[in-house]
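Here the structure is laid out as structure tokens; the discussion comes afterwards.
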Amino acid sequence: MMRWTLGCLLVIALAACSGGGDREYTYRELEQMARRSTDEQVNRPPPDTCEMAAHQSLVGTAGADIDQSTLPAGSRVICHQCSVTMDYRSNRLNIDLGPDGKVIGLRCG
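Numbering (the working numbering), first residue to last: 417 to 525.
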């Protein structure tokens, strides 16, 4: 009985370790798969951690007309050539104003 059990375990172990028909890839195919994976990771859009998508309608409006009570907590309106701290907060919405005082872009940070 012990030999039979040991033999079954050996057969199962060998079956699990066998290739099972796995395909072998060429270096060119491996390189293409790696390049595709890298391109997907590089071109992935950043996560919207600061509710930026919900406020895209602000682009083009005057900075003075922005109702800051409708913005997420901690948001800031940054005038053109104004100094701001460079600390990064992923949940902070930054609203950038152009030289004409209109919103030119939004970003998290």
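Note that the Cβ used here is the ideal one computed from N, Cα and C, for glycine as well.
Find the nearest neighbour of Gln472 within the set Glu456, Leu487, Cys498, Asp455, judged by alpha-carbon distance. With distances taken between Cα atoms, Gln472 lies closest to Leu487.
I think Ile520 touches Asn510, with their Cβ atoms under 8 Å apart; what is that distance to the nearest whole Å? With a Cβ gap of about 11 Å, Ile520 and Asn510 do not count as contacting.
With a threshold of 8 Å, are at least 3 pairs of Cβ atoms found where one atom belongs to the region 438-448 and the other to the region 498-513? They do not touch, by the three-pair rule.
Complete runs of the beta strand (DSSP E) confined to the region 478-518 [at least 3 residues]: Fully enclosed beta strand (DSSP E) runs of 3 or longer: 492-494, 509-513.
Looking at Gly525: is its Cβ nearer than 8 Å to the Cβ of His496? Contact flag unset, no.
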